[in-house]
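Student: Just dropping this structure here.
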Amino acid sequence: MEDARRATYYRLAPQNRRLGLYAMAGLVALGAMSLWRSCVGPNPLPGVKIVVPALWTFALLGLLPLHWRLCVDERGVWRRRFLFWDLWSWDYFARGRLRYGPRDRSIMDPSRQWGRRVLSLANLAAADREQAWNQIADVWHPAEPPMPESLEFRYGEFLRRNPVRLDSEGIRVGKPGTHVRYTWQEVESLDLARLRHDRPDFQELTLRLPDRVVKVHRVPMFGFITENWKDVEADVLAPFLLEHVPGDRQRVRAVFDAPRTRHEYKWQMEAARERTNNAWSCLVGMGICIALGLALYEAIGSDGVFRFLALMCPFGIRFGAMYSQEKQLLSQLEAGGEPVDEFAASASE
Numbered sequence: 038m039e040d041a042r043r044a045t046y047y048r049l050a051p052q053n054r055r056l057g058l059y060a061m062a063g064l065v066a067l068g069a070m071s072l073w074r075s076c077v078g079p080n081p082l083p084g085v086k087i088v089v090p091a092l093w094t095f096a097l098l099g100l101l102p103l104h105w106r107l108c109v110d111e112r113g114v115w116r117r118r119f120l121f122w123d124l125w126s127w128d129y130f131a132r133g134r135l136r137y138g139p140r141d142r143s144i145m146d147p148s149r150q151w152g153r154r155v156l157s158l159a160n161l162a163a164a165d166r167e168q169a170w171n172q173i174a175d176v177w178h179p180a181e182p183p184m185p186e187s188l189e190f191r192y193g194e195f196l197r198r199n200p201v202r203l204d205s206e207g208i209r210v211g212k213p214g215t216h217v218r219y220t221w222q223e224v225e226s227l228d229l230a231r232l233r234h235d236r237p238d239f240q241e242l243t244l245r246l247p248d249r250v251v252k253v254h255r256v257p258m259f260g261f262i263t264e265n266w267k268d269v270e271a272d273v274l275a276p277f278l279l280e281h282v283p284g285d286r287q288r289v290r291a292v293f294d295a296p297r298t299r300h301e302y303k304w305q306m307e308a309a310r311e312r313t314n315n316a317w318s319c320l321v322g323m324g325i326c327i328a329l330g331l332a333l334y335e336a337i338g339s340d341g342v343f344r345f346l347a348l349m350c351p352f353g354i355r356f357g358a359m360y361s362q363e364k365q366l367l368s369q370l371e372a373g374g375e376p377v378d379e380f381a382a383s384a385s386e
């Protein structure tokens with residue numbers, strides 16, 4: 038593929054680079070305090086010859102956010118990881134073999150190894166993220182999955198998954214022999230929450246039936262995405278339902294796109310506030326745990342306080358990053374303001 042585009046380099050967002058520096062400084066300080074306690078303190082720490090080098094070695098991991106780069110050039114998208122560059126060739130994008138990833142502005146190649154199959158732009162600054170995504174979108178036009186005649190999947194808790202079958206006749210919920218059938222005209226509403234309006238998948242899907250609610254969703258937990266359904270992909274399930282559920286009972290909302298209606302704006306604000314409050318609660322909870330741990334170690338006179346701080350440090354940094362990101366998204370949404378027209382773009386809902 039011939040392309041004369043110039044190479045464009047991107048770094049992590051400034052707040053993410055600062056977190057790497059904070060982690061590095063904190064671990065170096067813990068190692069220094071451990072070494073000082075061992076050398077001049079009244080009670081030398083046991084195992085200091087192992088603890089201090091380990092802390093300072095982990096501190097070097099804080100350089101990774103400063104070292105990380107993303108490059109877009111005539112060959113494709115390069116991602117620097119550790120000492121090597123990982124290439125996502127334009128040929129991959131042009132063939133349509135890639136799919137949307139589980140996070141916003143992310144792409145997934147199921148054929149790659151587990152640790153290399155997702156290309157995410159989520160940690161870039163907002164302007165860089167959109168610029169890099171537009172460069173990719175000029176080449177990548179994901180193919181729509183074929184629409185099957187019927188779908189079967191299971192949803193719910195791990196040990197209590199309910200089977201569901203969808204076909205042109207309607208919906209069947211439950212196991213054969215005890216199942217309940219509904220026609221498409223009996224569906225009361227279909228609510229879809231997507232990351233972006235132009236994505237075919239969803240983050241949360243709620244199908245309201247006369248006597249029950251079928252709800253499937255993706256939940257981010259500690260950097261991973263968990264799903265409460267199996268046996269069908271999100272980018273197949275959502276289009277199938279949108280094709281069969283009556284249009285006046287559909288409502289589609291996007292998490293990160295600019296709100297099109299007042300209803301969508303209010304929903305985005307509520308969701309953003311909830312995520313921000315949850316991240317703040319995690320951060321405060323971590324601070325309380327650290328304070329209680331320090332008080333306990335001081336009360337019993339234990340020498341493991343530095344190991345305890347080293348153990349808590351990664352969790353505190355992670356929760357701090359979550360809160361910083363969610364707070365920034367909430368501020369951007371508040372700055373955008375509420376749409377004037379309640380019924381604008383109502384066709385999408």
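Heads up, my numbering is the position in the sequence shown plus 37, with the first residue counted as 1.
Beta carbons: idealized from backbone N, C-alpha and C, even for Gly.
All values reported here derive from a predicted model rather than from experimental measurement.
Take R191 and list the residues in its own chain whose beta-carbon comes closer than 8 Å to its own, dropping the five residues that flank it on each side.
Tutor: To locate residue 191, count along the sequence shown from 1; it is residue 154. Counting only Cβ-Cβ distances below 8 Å, and skipping sequence neighbours, we find R198, N199, P200, V201, W266, K267 and D268.
Student: Just curious, the beta strand (DSSP E) that R197 is in, first and last residue?
Tutor: Within the sequence shown, numbered from 1, the residue matching residue 197 stands at position 160. R197 to D204 is the extent of the beta strand (DSSP E) around R197.
Student: Check each candidate in G353, L232, R249 and T263 and name the one with the smallest Cα separation from A309.
Tutor: Here residue 309 refers to the residue found at position 272 when the sequence shown is read from its first residue. It is L232.
Student: Which residues in the same chain as W177 place their Cβ atom closer than 6 Å to its Cβ, once the five residues preceding and following it in sequence are excluded?
Tutor: Counted from its first residue, the sequence shown places residue 177 at position 140. Excluding residues within five positions, the ones whose Cβ falls inside 6 Å are F130.
Student: For P183, does the count of other Cβ atoms within 10 angstroms reach 16, so buried, or fall short, so exposed?
Tutor: Counted from its first residue, the sequence shown places residue 183 at position 146. P183 is exposed by the Cβ-count criterion.
Student: Specify, as a first and last residue, the run of the beta strand (DSSP E) that W221 falls within.
Tutor: As a first step, residue 221 is located in the sequence shown; it is residue number 184 there, counting from the start. Here W221 belongs to no beta strand (DSSP E), and DSSP marks it neither H nor E.
Student: Between I325, H281, L103 and D110, which lies nearest to R118 when the distance is taken from Cα to Cα?
Tutor: Here residue 118 refers to the residue found at position 81 when the sequence shown is read from its first residue. That would be L103, whose Cα lies nearest to the Cα of R118.
Student: Specify the secondary structure class of F380 as computed by DSSP and reduced to three states.
Tutor: By one-based count along the sequence shown, residue 380 stands at place 343. For F380, the pLDDT reaches just 43, beneath the cut-off of 50, and the residue's location in the model is therefore unreliable, leaving the point undetermined.
Student: What separation, rounded to the nearest whole angstrom, lies between the Cα atoms of G57 and V282?
Tutor: The sequence position of residue 57 within the sequence shown is 20, counting from 1. The sequence position of residue 282 within the sequence shown is 245, counting from 1. The alpha-carbon atoms of G57 and V282 are separated by roughly 48 Å.
Student: Under the three-state reduction of DSSP, which class applies to A291: helix, strand or coil?
Tutor: Counting from 1 along the sequence shown, the entry for residue 291 is found at position 254. Here A291 sits in strand by DSSP.
Student: On a Cα-Cα basis, can you pick out the residue from L196, E189, D141 and S187 that is closest to R166?
Tutor: Locating residue 166 in the sequence shown gives position 129, where the first residue counts as 1. Nearest option by C-alpha distance: D141.
Student: Is it a yes or a no for the segment 204-220 touching the segment 150-157, going by three-plus beta-carbon pairs under 8 Å?
Tutor: Taking 8 Å as the limit for Cβ pairs, the verdict is that the segment 150-157 does not touch the segment 204-220.
Student: Going by DSSP in three states, F239 sits in which element: helix, strand or coil?
Tutor: Within the sequence shown, the letter at position 202 stands for residue 239. Looking at F239 - three-state DSSP - the assignment turns out to be coil, as it is neither helix nor strand.
Student: Kindly indicate which three-state DSSP category V176 falls into: helix, strand or coil?
Tutor: Numbered from its first residue, the sequence shown carries residue 176 at position 139. It is coil, neither helix nor strand.
Student: According to the neighbour-count rule (16 or more other Cβ atoms, all chains shown, within 10 Å of its Cβ), is W125 buried or exposed?
Tutor: Your numbering for residue 125 matches position 88 in the sequence shown. Buried is the call here.
Student: Look up F119 in the DSSP assignment and say whether it is helix, strand or coil.
Tutor: Position 82 of the sequence shown, counted from the start, is the residue given in the question as residue 119. F119: coil per DSSP, three-state reduction.
Student: Report yes if the C-beta distance between P237 and P276 is below 8 Å; otherwise report no.
Tutor: For the purposes of this step, residue 237 is taken as the residue at position 200 of the sequence shown. For the purposes of this step, residue 276 is taken as the residue at position 239 of the sequence shown. Yes.
Student: Going by DSSP, what residue range makes up the alpha helix (DSSP H) through D272?
Tutor: Here residue 272 refers to the residue found at position 235 when the sequence shown is read from its first residue. Run containing D272: A271 to H281, per the alpha helix (DSSP H) assignment.
Student: Would you kindly check if the distance between the Cβ of L120 and the Cβ of V30 is under 8 Å?
Tutor: What the structure shows of the chain is the stretch from 38 to 386, and residue 30 is not part of that stretch, so it cannot be assessed.
Student: Buried or exposed: where does M240 fall if 16 or more other Cβ atoms within 10 Å of its Cβ makes it buried?
Tutor: Here residue 240 is taken as the residue at index 203 of the sequence shown, counted from 1. The question names Met, yet the displayed sequence has Gln at residue 240. Its Cβ being crowded by 16 or more others within 10 Å, Q240 is buried.
Student: Does the Cβ-Cβ distance between R116 and D123 come in under 8 Å?
Tutor: On the sequence shown, position 79 is the one that residue 116 refers to. On the sequence shown, position 86 is the one that residue 123 refers to. The answer is yes: Cβ separation under 8 Å.
Student: Taking the C-alpha atoms as reference points, what is the distance between E386 and L279?
Tutor: To locate residue 386, count along the sequence shown from 1; it is residue 349. To locate residue 279, count along the sequence shown from 1; it is residue 242. Per-residue confidence for E386 stands at a pLDDT of 43, beneath the threshold of 50, marking its modelled position as unreliable; the derived number appears in the next sentence. Each residue's alpha carbon lies about 11 Å from the other.
Student: Would you kindly report the start and end of the unbroken beta strand (DSSP E) that includes L107?
Tutor: Here residue 107 refers to the residue found at position 70 when the sequence shown is read from its first residue. Run containing L107: R106 to V109, per the beta strand (DSSP E) assignment.
Student: In angstroms, rounded to a whole number, what distance separates the CA positions of A96 and V65?
Tutor: Taking the first residue of the sequence shown as position 1, residue 96 is located at position 59. Taking the first residue of the sequence shown as position 1, residue 65 is located at position 28. Between A96 and V65, the C-alpha separation is close to 6 Å.
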